[in-house]
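J.:
2 protein chains.
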Amino acid sequence: MQNVDEILKIKNVKNTAIRTIVLRHLLKQDKAQSLKDIENSLIETDRSSIFRTLKTFVENKIIHSIEDGSGMTKYAVCAIDCNCELKDLHYHFYCNNCNKTFCLHEVPFKKIKLPENFKIQEANMVIKGLCNNCNK
Amino acid sequence: MQNVDEILKIKNVKNTAIRTIVLRHLLKQDKAQSLKDIENSLIETDRSSIFRTLKTFVENKIIHSIEDGSGMTKYAVCAIDCNCELKDLHYHFYCNNCNKTFCLHEVPFKKIKLPENFKIQEANMVIKGLCNNCNK
DNA sequence: ATAATCTTTGCAATTGAGTTGCACTATAAA
DNA sequence: TTTATAGTGCAACTCAATTGCAAAGATTAT
Chain A
1 MQNVDEILKI KNVKNTAIRT IVLRHLLKQD KAQSLKDIEN SLIETDRSSI
51 FRTLKTFVEN KIIHSIEDGS GMTKYAVCAI DCNCELKDLH YHFYCNNCNK
101 TFCLHEVPFK KIKLPENFKI QEANMVIKGL CNNCNK
Chain B
137 MQNVDEILKI KNVKNTAIRT IVLRHLLKQD KAQSLKDIEN SLIETDRSSI
187 FRTLKTFVEN KIIHSIEDGS GMTKYAVCAI DCNCELKDLH YHFYCNNCNK
237 TFCLHEVPFK KIKLPENFKI QEANMVIKGL CNNCNK
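Chains as they are written, first to last, in the numbering used here: chain A, 1 to 136; chain B, 137 to 272.
Right under this line is the structure:
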């Protein structure tokens, strides 16, 4: 697991108690977390503080947000060298059974040929189905 | 433009005044519509009735929903022979400038090699950037 | 055709995620 | 130390989505 202080330093985000707690928590997760998820895990910490922390993290490319269609934005830590631009696009997988959302970092992102004059800047790719744990 | 009655019949959805109005409206659009969009266009029609109509349409594969990250679910009519299963997957494009969401029916959907034992059932693929109209 | 049943609709109210205002506290700079 | 700047906690608010319920409409059985 990456070092929290190190990440904050690299991404130029000041280290505070809440930021440390939230980032440490996110690094431990095997699935993307919603604000609610984090709230429930870090019961001492205020929701809006977590919210603003997540916002700061997204702005500074420490984490990225995923719209998986569950109605709640999910968050996951970016790869340390990720700047969440084109080269770091990846798919996400939402399990219809266990409702977890994963980053599929290991699945190569295929270049998509867009219609004439369309320009890609980002993407929100969510594949839905059954994860390896639920597909039995 | 396809015939509303025909579509409803094929998809086994009873024809009512509101359903006709909503589907006719959706068929005319060049971009995916939010509930709010439809509400604003069909001012005589009640929001919750439109909402339930959309729900019925999604359930019966007349339209599909798109989570484009704008905070509002968008809806677009499926191809007539679409059952919104694997063979009908397509990308969506969200323009960061004009905020319109399009179905990219003409862009071939690339088969994604998922990790061992993952099973795809559906997908919510949204590419974001500048559309041909805004990329100047 | 009439009564009984099921479906759809309109309105009002609720839910819940996300967001903001503001005062208080902590940190950094002068 | 004083002043300025950034972060936090709480409460309140926004707004899309959703639901309860009663009225209206459509369908089926008698």
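Built from N, CA and C at the ideal position, the CB exists for glycine as well.
1. DSSP state of Val-77/A, grouped into three classes?
2. With a floor of 3 residues, list each beta strand (DSSP E) that falls wholly inside the segment 105-136 of chain A, ordered by position along the chain.
3. Would the segment 112-131 of chain A count as touching the segment 147-159 of chain B if we require 3 or more Cβ pairs under 8 angstroms?
4. Give me the Cα-Cα distance between Cys-98/A and Leu-250/B, rounded to the nearest whole angstrom.
5. I'd like to know whether the C-beta of Phe-75/A is nearer than 9 angstroms to at least one C-beta of chain B.
6. Tell me, please, whether the CB atom of Ile-256/B is closer than 9 angstroms to any CB atom in chain A?
7. According to DSSP, simplified to helix, strand and coil, what is Ile-202/B?
8. Nearest-angstrom Cα distance between Lys-247/B and Asp-68/A?
9. How about Ile-198/B: is its C-beta nearer than 9 angstroms to some C-beta of chain A?
10. Per DSSP, what kind of secondary structure is His-161/B in: helix, strand or coil?
11. Pull up the distance between the alpha-carbon of Asp-46/A and that of Pro-108/A, whole angstroms please.
12. Nearest-angstrom Cα distance between Glu-142/B and Val-213/B?
13. Taking 8 angstroms as the cut-off, does the segment 90-106 of chain A touch the segment 54-63 of chain A (at least 3 CB pairs, one atom from each stretch)?
14. Just the Cα atoms here: how many angstroms apart are Ser-138/A and Asp-173/B?
15. Does any C-beta atom of chain A lie closer than 9 angstroms to the C-beta of Asn-235/B?
16. May I ask you to list the residues that DSSP assigns as paired with Phe-193/B?
17. Are Ile-263/B and Tyr-230/B touching if we call contact CB-CB under 9 angstroms?
18. Between which residues of its own chain and Ala-215/B is the CB-CB distance below 8 angstroms, once the five residues before and five after are set aside?
19. Should Met-208/B be flagged as near chain A, meaning a C-beta pair shorter than 9 angstroms?
20. Whose C-beta lies closer than 8 angstroms to the C-beta of Ser-206/B among residues of the same chain, with five residues either side of it excluded?
T.: Let me spell this out:
1. strand
2. Complete beta strand (DSSP E) runs here, min 3: 119-130.
3. no
4. 17 angstroms
5. Checking the displayed sequence, the identity of residue 75/A turns out to be Tyr instead of Phe. No - not a single Cβ of chain B is within 9 angstroms of the one on Tyr-75/A.
6. Taking CB atoms only, Ile-256/B has a neighbour in chain A less than 9 angstroms away.
7. strand
8. 19 angstroms
9. no
10. helix
11. 37 angstroms
12. 14 angstroms
13. Between the segment 54-63 of chain A and the segment 90-106 of chain A, the count of Cβ pairs shorter than 8 angstroms is below three; the stretches do not touch.
14. What is shown of chain A runs 1 to 136, which leaves residue 138/A out entirely.
15. No, its Cβ sits nowhere closer than 9 angstroms to a Cβ of chain A.
16. The beta-bridge partner set that DSSP reports for Phe-193/B is empty.
17. yes
18. The answer, listed in chain order, is Asp-224 and His-241.
19. no
20. In chain order, Ser-170, Tyr-230, Asn-235 and Thr-237 place their CB closer than 8 angstroms to the CB of Ser-206/B, counting only its own chain and leaving out the 5 sequence neighbours on each side.
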